[in-house]
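Numbering (our numbering), first residue to last: 0 to 213. The beta carbon of each residue, even a glycine, is placed where N, CA and C say it ideally should be. The structure appears below as structure tokens.
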Ligand SMILES: Cc1cc2nc3c(=O)[nH]c(=O)nc-3n(C[C@H](O)[C@H](O)[C@H](O)COP(=O)(O)O)c2cc1C
């Protein structure tokens, strides 16, 4: 599908204007409906075998945000942002394979026999992966959704900051994640009270190899 110059311009503007924002207007409310719409778009991200091992824990209760504050190294954005989306990886998410492939059959995207054979193959593969490998798959899926969510939020006039600075063990305990859900990052979302500061990037030549790693 081709893209018009205007669409390209608008998309590039979203990318160029995203910055990590650490000060939020505490009075901005984002409705659950709007959050759901943004999460639905974030979940259009690609994932390994389309298993969608991302999960979103939306924290919009003021009490829970306060509970999160010490766990997140007292980073104030977790109480000031409208909501915190905890991006999780679900290491047992492949159990929803029936659902994933059932939807593909229903929508006419895949013949039933093809879908069933894919499903069997992937469930057998995923359930036999070593725990560090399935964890890696879940973290990659979840990270792709997180990036997409940051851009969707920006396109809708909101700001975000990806946060890895929090105590994972305490977070798991506080929010009853058990062993199934891996906390990947926290994503405060809201309206900036102060713009994020500009950041520089390494020249692309410094981070790109052509055909061989030197
Ligand atoms: C995995 C990851 C973890 C991060 N953790 C934090 C964090 O705990 N607190 C914070 O203020 N920013 C955090 N950041 C934001 C980075 O500092 C920021 O993305 C980087 O400086 C580039 O700035 P920009 O996002 O405005 O382009 C994190 C970013 C990533 C990707």
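CA nearest to the CA of residue i, picked from the options
{"i": "residue 19", "options": "72, 37 and 193", "result": "193"}
{"i": "residue 60", "options": "45, 71, 41 and 80", "result": "80"}
{"i": "residue 152", "options": "191, 135, 49 and 200", "result": "191"}
{"i": "residue 197", "options": "181, 17, 91 and 26", "result": "17"}
{"i": "residue 13", "options": "158, 208 and 176", "result": "158"}
{"i": "residue 30", "options": "195, 189, 200 and 11", "result": "189"}
{"i": "residue 38", "options": "155, 165, 173 and 178", "result": "155"}
{"i": "residue 64", "options": "179, 173, 209 and 178", "result": "173"}
{"i": "residue 66", "options": "50, 32, 166 and 177", "result": "166"}
{"i": "residue 55", "options": "111, 1, 176 and 200", "result": "176"}
Neighbourhood of residue i by C-beta distance below 7 Å, restricted to the same chain and skipping five residues each side
{"i": "residue 114", "result": "100, 103 and 104"}
{"i": "residue 126", "result": "93"}
{"i": "residue 82", "result": "29, 34, 57, 58, 59 and 188"}
Short Cβ contact (8 Å threshold) for residue i with residue j
{"i": "residue 145", "j": "residue 183", "result": "yes"}
{"i": "residue 220", "j": "residue 148", "result": "The chain is shown only over 0 to 213; residue 220 falls outside these bounds and no answer can be derived."}
{"i": "residue 86", "j": "residue 169", "result": "no"}
{"i": "residue 48", "j": "residue 88", "result": "no"}
{"i": "residue 187", "j": "residue 162", "result": "yes"}
{"i": "residue 134", "j": "residue 181", "result": "yes"}
{"i": "residue 76", "j": "residue 23", "result": "yes"}
{"i": "residue 45", "j": "residue 143", "result": "yes"}
{"i": "residue 21", "j": "residue 212", "result": "no"}
{"i": "residue 52", "j": "residue 122", "result": "no"}
{"i": "residue 72", "j": "residue 164", "result": "yes"}
{"i": "residue 50", "j": "residue 106", "result": "no"}
Terminal residues of the beta strand (DSSP E) in which residue i lies
{"i": "residue 89", "result": "82-89"}
{"i": "residue 42", "result": "Looking at the DSSP string, residue 42 is not in any beta strand (DSSP E), and its letter there is neither H nor E."}
{"i": "residue 191", "result": "191-193"}
Span of the alpha helix (DSSP H) around residue i
{"i": "residue 177", "result": "Taken as a continuous stretch (DSSP letters only), residue 177 belongs to no alpha helix (DSSP H), as it is neither H nor E."}
Same chain, Cβ closer than 8 Å to residue i, neighbours up to 5 away in sequence not counted
{"i": "residue 109", "result": "100, 103 and 117"}
Close Cβ partners of residue i (< 6 Å) along its chain, the five nearest in sequence each way excluded
{"i": "residue 138", "result": "88 and 183"}
For this session: Please list, in chain order, all residues with a C-beta atom less than 6 Å from at least one heavy atom of ligand 1.
Result: Going by the Cβ distance cut-off, the answer is 18, 19, 21, 74, 160, 161, 162, 163, 164, 184, 195 and 198.
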